[in-house]
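Engineer:
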Amino acid sequence: MKLEYIPTTCPYCGAGCGFYLKVKDGELVGVAPSKTHPVSQGRLCVKGVTCWESVIGGDRIKEPLVKKNGKFVETSWDEALDLVAKQFTKLKEKYGPDSLGVWGSARCTNELNYLAQKLARAVFGTNNVDHCARTCHSPTVAGLVRAFGSGAMTNSIDEIKDAACIFAIGSNTPEAHPLIGWRVRTAKDKGAKLIVCDPRKIDTAKYADVYIQHYPGTDIALLNCMMNVIISEGLEDKEYVKTRTEGLEEMKKVVEKYTPEYTSPIVGVDAELIVKAARLYASCKPASLLYTLGLTEHTVGTENVMSVANLAMLTGNVGVESGGVNPLRGQNNVQGACDMAALPNFYVGYQKVDDPDIQAKFEKAWGVKLSPKPGLTTTDQVIQAKAGNIKGLYIIGEDPLTSDPNITVVRESLEKLEFLVVHEIYMSPTTEMADVVLPGASFAEKTGTFTNSERRVQLINKAIEPIGTSRPDWEIVCDVATRMGYPFKYASTDEVMDEIAELAPIYGGISHNRIRKVGLQWPCPDKSHPGTKYLHKGKFTRGLGKFHGIEDKPPAEVPDDEYPFILSTGRMRFHYNDGTMSRRTHLLDREFPFMFVEVNEKDAEKLGLKDVDDCCVSTRRGQLTVKARVSDKVKEKVLWMPFHYTEAPANLLTNDAFCPIARTGEYKACAAKLEKIS
Amino acid sequence: MAVVSKIEIKNASITKNNLFALLEKISKEKTLIAPVRSELEDVNFLPVSEPKEICFDYENTTTSPKEFFFPQYQCMFSFSGASNDNIEIKDDNEEIVLFGVRSCDVKGIELLDKFYERSFEDDYYLSKRKNSVIISVACSELDEQCFCTSTETGPVLEEGFDIQLISTENDYAVQVGSEKGLELFEKYKSLFGPAVSVDIKGLLADAKKQKTEFDLKKVYNNLKEEKVDEEFWEDMGERCQSCGLCLFLCPTCSCYSVTDRVTPLGESRRSRQWDACYFRGFTRMAGGNDPVRGGAEMMKRKYHHKLVQQIDEFDMSGCVGCGRCSLACVGNVNWLENIIRIERGR
Chain C
30 MKLEYIPTTC PYCGAGCGFY LKVKDGELVG VAPSKTHPVS QGRLCVKGVT
80 CWESVIGGDR IKEPLVKKNG KFVETSWDEA LDLVAKQFTK LKEKYGPDSL
130 GVWGSARCTN ELNYLAQKLA RAVFGTNNVD HCARTCHSPT VAGLVRAFGS
180 GAMTNSIDEI KDAACIFAIG SNTPEAHPLI GWRVRTAKDK GAKLIVCDPR
230 KIDTAKYADV YIQHYPGTDI ALLNCMMNVI ISEGLEDKEY VKTRTEGLEE
280 MKKVVEKYTP EYTSPIVGVD AELIVKAARL YASCKPASLL YTLGLTEHTV
330 GTENVMSVAN LAMLTGNVGV ESGGVNPLRG QNNVQGACDM AALPNFYVGY
380 QKVDDPDIQA KFEKAWGVKL SPKPGLTTTD QVIQAKAGNI KGLYIIGEDP
430 LTSDPNITVV RESLEKLEFL VVHEIYMSPT TEMADVVLPG ASFAEKTGTF
480 TNSERRVQLI NKAIEPIGTS RPDWEIVCDV ATRMGYPFKY ASTDEVMDEI
530 AELAPIYGGI SHNRIRKVGL QWPCPDKSHP GTKYLHKGKF TRGLGKFHGI
580 EDKPPAEVPD DEYPFILSTG RMRFHYNDGT MSRRTHLLDR EFPFMFVEVN
630 EKDAEKLGLK DVDDCCVSTR RGQLTVKARV SDKVKEKVLW MPFHYTEAPA
680 NLLTNDAFCP IARTGEYKAC AAKLEKIS
Chain Z
66 MAVVSKIEIK NASITKNNLF ALLEKISKEK TLIAPVRSEL EDVNFLPVSE
116 PKEICFDYEN TTTSPKEFFF PQYQCMFSFS GASNDNIEIK DDNEEIVLFG
166 VRSCDVKGIE LLDKFYERSF EDDYYLSKRK NSVIISVACS ELDEQCFCTS
216 TETGPVLEEG FDIQLISTEN DYAVQVGSEK GLELFEKYKS LFGPAVSVDI
266 KGLLADAKKQ KTEFDLKKVY NNLKEEKVDE EFWEDMGERC QSCGLCLFLC
316 PTCSCYSVTD RVTPLGESRR SRQWDACYFR GFTRMAGGND PVRGGAEMMK
366 RKYHHKLVQQ IDEFDMSGCV GCGRCSLACV GNVNWLENII RIERGR
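Just so you know, the sequences run in chain order C and Z. Residue 30 is where the first sequence starts when you use our numbering, and the numbers rise one by one after that. Residue 66 is where the second sequence starts when you use our numbering, and the numbers rise one by one after that.
#1: In chain Z, which residues lie with their C-beta within 7 Å of the C-beta of residue 58 (chain C)?
#2: Flag this pair as touching only if the segment 277 to 286 of chain C and the segment 569 to 580 of chain C have three or more C-beta atom pairs under 8 Å; answer yes or no.
#3: When the Cα of residue 166 (chain Z) is compared with those of Z:101, Z:271, Z:151, which residue comes out closest?
#4: Consider the Cβ of residue 361 (chain Z): report whether some Cβ of chain C lies at a distance smaller than 8 Å.
#5: Mind listing which residues of the segment 608 to 623 of chain C have their C-beta closer than 7 Å to chain Z's C-betas, in chain order?
#6: In whole angstroms, what is the alpha-carbon distance linking residue 648 (chain C) and residue 680 (chain C)?
#7: Under 8 Å: do the segment 43 to 56 of chain C and the segment 479 to 488 of chain C share three or more Cβ pairs, one atom per stretch?
#8: Which residue wins for smallest C-alpha separation from residue 182 (chain C), given the options C:318, C:266, C:222, C:260?
#9: In chain order, what residues of the same chain lie with their CB nearer than 6 Å to the CB of residue 612 (chain C), ignoring the 5 residues before and after it?
#10: Please work out which residues of its chain come closer than 8 Å, Cβ to Cβ, to residue 224 (chain Z), disregarding the five sequence neighbours upstream and downstream, and give them in chain order.
#11: What does residue 393 (chain Z) reach in chain D if we use C-beta pairs closer than 7 Å?
#12: Within the chosen definition, does the segment 167 to 186 of chain C reach the segment 345 to 362 of chain C through at least 3 CB pairs nearer than 8 Å?
#13: Determine which residues share a DSSP beta bridge with residue 452 (chain C) and list them.
#14: Which class does residue 132 (chain C) belong to by DSSP, given the choice of helix, strand or coil?
#15: From the DSSP output, read off the bridge partner residues of residue 669 (chain C).
#16: CB-CB under 7 Å to residue 148 (chain C), same chain, minus the five flanking residues each way: which ones, in chain order?
#17: Can you tell me which of C:592, C:532, C:359 puts its alpha carbon nearest to the alpha carbon of residue 207 (chain C)?
#18: Using DSSP's beta-bridge definition, name the partner residues of residue 684 (chain C).
#19: So, with DSSP's three-state summary, where would you put residue 11 (chain Z)?
#20: Of all the options Z:302, Z:326, Z:329, Z:328, which has the alpha carbon lying nearest to the alpha carbon of residue 342 (chain Z)?
#21: Give me the DSSP bridge partner(s) of residue 101 (chain Z).
#22: Are the CB atoms of residue 228 (chain C) and residue 646 (chain C) nearer to each other than 8 Å?
#23: Taking just the CA atoms, how far does residue 237 (chain Z) sit from residue 347 (chain Z)?
#24: For the segment 73 to 100 of chain C, which residues have a beta carbon sitting closer than 9 Å to at least one beta carbon of chain Z?
#25: From the DSSP output, read off the bridge partner residues of residue 355 (chain C).
#26: Under the rule that 16 or more other beta-carbon atoms within 10 Å means buried, what is residue 288 (chain Z), buried or exposed?
#27: Could you have a look at residue 402 (chain Z) and say whether DSSP puts it in helix, strand or coil?
#28: Give the interface partners of residue 328 (chain Z) over in chain C, defined as CB-CB distance under 7 Å, in chain order.
#29: Taking the beta strand (DSSP E) that residue 643 (chain C) belongs to, which residues open and close that run?
#30: Only counting runs of 4 or more residues, tell me where the alpha helix (DSSP H) segments fall wholly within the segment 276 to 344 of chain C, in order along the chain.
#31: So, at 7 Å on beta carbons, what are the nonlocal neighbours of residue 585 (chain C) in its own chain, with the 5 sequence-adjacent residues on each side left out?
#32: Chain C beta carbons: is any one of them nearer than 8 Å to that of residue 335 (chain Z)?
#33: For the candidate residues Z:216, Z:344, Z:196, Z:220, whose alpha-carbon lies nearest to that of residue 246 (chain Z)?
#34: Please report the Cβ distance between residue 304 (chain C) and residue 247 (chain C), rounded to the nearest whole angstrom; I am assuming they are in contact, meaning their Cβ atoms lie under 8 Å.
#35: Residues bridged to residue 157 (chain C) by DSSP?
#36: At which residues does the beta strand (DSSP E) containing residue 325 (chain Z) begin and terminate?
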């Protein structure tokens, strides 16, 4: 019997749990927890426990596929890679480098993302490189950089359990980040106060000290009102505000009008409840503020993020242990993909592409001329593809035809491309549209690093051989670059990490060898640095923390007589994003095998709708027939749908209106109609 | 036929050096499975090729040894085409010796034996058990999270083991308790020393005096008579996040589900994998009706199953007091604390 326990990092959410993959005679046969791991500490969520099963589906893509006469034909790697290199070279020559785009992936390793952006910049010659953080936490990076100077979760996951108060807004913590949800539960069990603001009565709402069920898209009004109360009652941390921040007066002027009486009808919550939340948050320190996509996936996403930054600074909660502003990152390596600069405006480690000194540094390191012009986001690459300006896309580990808002428009855009390459482990709506599909190896079949939400860079280790002829994605990118005349020569991913450490000061001290046992948290500038537990201690990254005065703005589309509901979308515990992995996992798919819409019981009664009845949800962009789930979980006039089902994709309905700063779509609020199907 | 054919207990002893030599010999002839400390400092049972890989200094392993008899995922048979001739039954007949199992886990395996031979004899489980010998090592210290003295499953065993080692001042007292154990003992007889008599009842009484958390009989009665208020179960039901990990780590949980699937290499398989009653899909019927009406009832059933039903059926506690579940819970459901609350009736 050959049985091994291979330590690795979870491929699902951004909590970054550690566990062992059980490998028996070369096959994945299970998962075992690790008691010593700093995040998971012997625990796991249902997705982690079952993740071994997600990558051994019989329908894994096993050979490269090239579309010939409208049909995919299995080919050799040589043929596929030659075609990819030839087509991108041709398009670059014909239309210029900025006609091409590369999508890195928050699902893939740091090493892959570093190489993907290097391919875009050094080989394609464009800064048109981005990744799926655009659909989630880009407003976090944009908003927190403006307020604090750094766009990452300020504190560490394990600090949350020691907070005196937890303020969770737009975060279904126990479902989306179960191991962070454990810290919330533990803090509460130890006597911490808990404030939950969410349009859905999620699990944490049930044991919260204050639960605020506001309407989707009214977060700024709610947060401004809390600050109004704190300032009018003199509960702000005056010393902190004076010594550590700037811009208070501008912010004060704006929040002045957001009295509880003024705000209550906007948010749909009793004024006293907001007052209670404000007092509690201001008086229990340290207070840890948690948020996720409930804040970011709005046209005001960046402003939502700046508003929570305002609130935390006003009460002196940033730069303190167990406090902070903590965006919980949704994907295993969304933090890392941002760090690695799968972003159109940065080089690795958040170094600006339009800074001439930085440009010179990378030109020297890579030995090529680089473009000083910031590139296009994925959002804008899709828009420009439709306009005919983007001609070729190289998408790695992403399925925008399930995950982007208003997928009808995304389809029209992708149809206009002259050449589309997709790396994937399973076929998806997006791979179906590709000219070339390259089979990637899953997390269990390769070595590299993921960076979790608390900035901890952690190893994944190869547990089994790649399925079929699939290859680790970083190797594929190297081969494409080499065939396009710029050799990428790396013997292994640790050599890639060494190059990253050389070029990105925040990763300066990180190497695979140093993180073999426990991951390191950046900033980690040199080889003797122990990593950084929490940010902004004593001083903000930008010097002084900056307040911004932010006015409440409604979502791009609000309910009217024709579409009287607000439709919001999100993730649930048993599934993950496009469902590629969770839908192929027996125990997960069995829990929620079909798409549904959550409806408030009073609304359901008016429509004569009962639990599990078929109903039709429609918006100006499309319609879906789904099962109704009737309860008091959502507020009246609000509908909620998960987005994990490719056969009934919620993003057929969502609005392709975007945050003007971060270019993230408004997945959390659009106008919808609900009808019973008789 | 019972998996463990008990014999009258035979006493012996073994020095630490000879134990090492014994394990060395076993590792050459059979598959030796023992606690191994990983690079990350977790201790789990793994096959070892030589005894120096074994960790002797451990409280208990993170995962339970049940996985060597009832694996998390197991192919039962593979098939191709429509003909019955193309069915290949996957049965694992490898002979294994499991060293270092704690008393609670030996009792856990005893309960699984009873379960899997109760009505339908489960060959996949029983064949693995019949090909195994367990050398258990009694705990000399009681760990904080465990409560075997209350569930009457340790720290030493009176019976039900193949070979039991009990640490003495310098070496080990050895007790041989089954035919399989005796066979192994006889084979390597020269490595064992003279009989050392151990006062097992005395050791158990001392341990009980040192640490007893609850009275099992009272817990049984309170559960059976439903003396615990609903609020208690509601709270626990709300805490459970349905990850299933506690039940996967539990040495006595025996549920599995069967699926037909095609592997990435194109082999069609019927396989089984661990399943758990904390998943709604486990009890939900076609059409959507779930006979378990919610989290509170789900929890109540679990405690009732382990601490009433299995005591009635198998005459032993279905909870062996290892405490693994409490250390795995993201909802802070602590079995020990809860059992104590059940004993108090609130």
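Backbone N, C-alpha and C define an ideal beta-carbon position, used for all residues, glycine too.
Structural biologist: Considering the structure as presented:
#1: Taking the first sequence and counting its residues from 1, one reaches residue 58 (chain C) at position 29. The answer, in chain order, is 136, 137, 138.
#2: Yes, the segment 277 to 286 of chain C is in contact with the segment 569 to 580 of chain C.
#3: The residue labelled residue 166 (chain Z) in the question sits at position 101 within the second sequence. A check of alpha carbon separations from residue 166 (chain Z) across Z:101, Z:271, Z:151 identifies Z:101 as the nearest.
#4: As a working note, residue 361 (chain Z) is residue 296 in the second sequence. Between residue 361 (chain Z) and chain C, the shortest Cβ-Cβ separation is not below 8 Å.
#5: Within the segment 608 to 623 of chain C, the residues whose Cβ lies closer than 7 Å to some Cβ of chain Z are 615, 616, 619, 620, listed in chain order.
#6: On the first sequence, position 619 is the one that residue 648 (chain C) refers to. On the first sequence, position 651 is the one that residue 680 (chain C) refers to. So the two alpha carbons sit approximately 11 Å from each other.
#7: In this structure the segment 43 to 56 of chain C lies against the segment 479 to 488 of chain C, because at least three pairs of beta carbons, one per stretch, are closer than 8 Å.
#8: Within the first sequence, residue 182 (chain C) is the residue found at index 153, counting from 1. The candidate whose alpha carbon is nearest that of residue 182 (chain C) is C:318.
#9: As a working mapping, residue 612 (chain C) is identified with position 583 in the first sequence. For residue 612 (chain C), where only same-chain residues beyond five positions count, the Cβ hits under 6 Å are 618.
#10: Residue mapping note: residue 224 (chain Z) aligns to position 159 of the second sequence, counting from 1. Close CB contacts of residue 224 (chain Z) within its chain, under the 8 Å cut and outside five residues either way in sequence, are with 71, 74, 242 (chain order).
#11: Given the protein chain composition of this structure (C and Z), no chain D is represented.
#12: Output reads yes: the segment 345 to 362 of chain C touches the segment 167 to 186 of chain C.
#13: Locating residue 452 (chain C) in the first sequence gives position 423, counting from the first residue. According to DSSP, which records beta bridges pairwise, residue 452 (chain C) is partnered with C:425, C:467.
#14: One-based indexing of the first sequence puts residue 132 (chain C) at position 103. Correct three-state label for residue 132 (chain C): strand.
#15: By 1-based counting over the first sequence, the position of residue 669 (chain C) is 640. Bridge partners of residue 669 (chain C): C:597, C:627.
#16: Position 119 of the first sequence, counted from the start, is the residue given in the question as residue 148 (chain C). Only 131, 506, 509, 510 meet the Cβ criterion.
#17: Against the first sequence, residue 207 (chain C) aligns to sequence position 178. For the residues C:592, C:532, C:359, the minimum Cα distance to residue 207 (chain C) belongs to C:359.
#18: Sequence index remark: in the first sequence, residue 684 (chain C) carries index 655 (1-based). Beta bridge pairing from DSSP links residue 684 (chain C) with C:695.
#19: In this structure chain Z extends from 66 to 411, so residue 11 (chain Z) is not present and cannot be described.
#20: As a first step, residue 342 (chain Z) must be located in the second sequence, where it is residue number 277. Distance from the Cα of residue 342 (chain Z) is smallest, within the candidate group Z:302, Z:326, Z:329, Z:328, for Z:302.
#21: Here residue 101 (chain Z) refers to the residue found at position 36 when the second sequence is read from its first residue. Listed as beta-bridge partners of residue 101 (chain Z) by DSSP are Z:109.
#22: If you number the first sequence from 1, residue 228 (chain C) lands on position 199. If you number the first sequence from 1, residue 646 (chain C) lands on position 617. No.
#23: On the second sequence, position 282 is the one that residue 347 (chain Z) refers to. On the second sequence, position 172 is the one that residue 237 (chain Z) refers to. Computed Cα separation, rounded: 45 Å.
#24: Those would be 73, 74, 75, 76, 77, 78, 79, 81, 82, 84, 85, 86, 87, 88, 89, 91, in chain order.
#25: As a first step, residue 355 (chain C) must be located in the first sequence, where it is residue number 326. According to DSSP, which records beta bridges pairwise, residue 355 (chain C) is partnered with C:319.
#26: The residue you call residue 288 (chain Z) lines up with position 223 of the second sequence. Residue 288 (chain Z) comes out buried.
#27: Against the second sequence, residue 402 (chain Z) aligns to sequence position 337. DSSP places residue 402 (chain Z) in helix when its eight states are reduced to three.
#28: As a first step, residue 328 (chain Z) must be located in the second sequence, where it is residue number 263. Residues of chain C passing the Cβ test: 85, 87.
#29: For the purposes of this step, residue 643 (chain C) is taken as the residue at position 614 of the first sequence. Start and end: 643 to 648.
#30: For the segment 276 to 344 of chain C, the continuous alpha helix (DSSP H) assignments of 4+ residues that do not extend past its boundaries occur at 277 to 284, 289 to 296, 300 to 312, 322 to 325, 330 to 343, in sequence order.
#31: By 1-based counting over the first sequence, the position of residue 585 (chain C) is 556. For residue 585 (chain C), the CB contacts under 7 Å within the same chain, skipping 5 residues up- and downstream, are 328, 684, 686, 695 in chain order.
#32: For the purposes of this step, residue 335 (chain Z) is identified with residue 270 of the second sequence, where counting begins at 1. At a cut-off of 8 Å between beta carbons, residue 335 (chain Z) makes no contact with chain C.
#33: On the second sequence, position 181 is the one that residue 246 (chain Z) refers to. For residue 246 (chain Z), the nearest C-alpha among the options comes from Z:196.
#34: What you label residue 304 (chain C) is simply residue 275 of the first sequence in a count that begins at 1. What you label residue 247 (chain C) is simply residue 218 of the first sequence in a count that begins at 1. Contact between residue 304 (chain C) and residue 247 (chain C) does not hold, since their C-beta atoms are separated by about 17 Å, which reaches or exceeds 8 Å.
#35: Here the question's residue 157 (chain C) lines up with position 128 in the first sequence. According to DSSP, which records beta bridges pairwise, residue 157 (chain C) is partnered with nothing at all.
#36: By one-based count along the second sequence, residue 325 (chain Z) stands at place 260. Per DSSP, the continuous beta strand (DSSP E) segment holding residue 325 (chain Z) begins and ends at 321 to 327.
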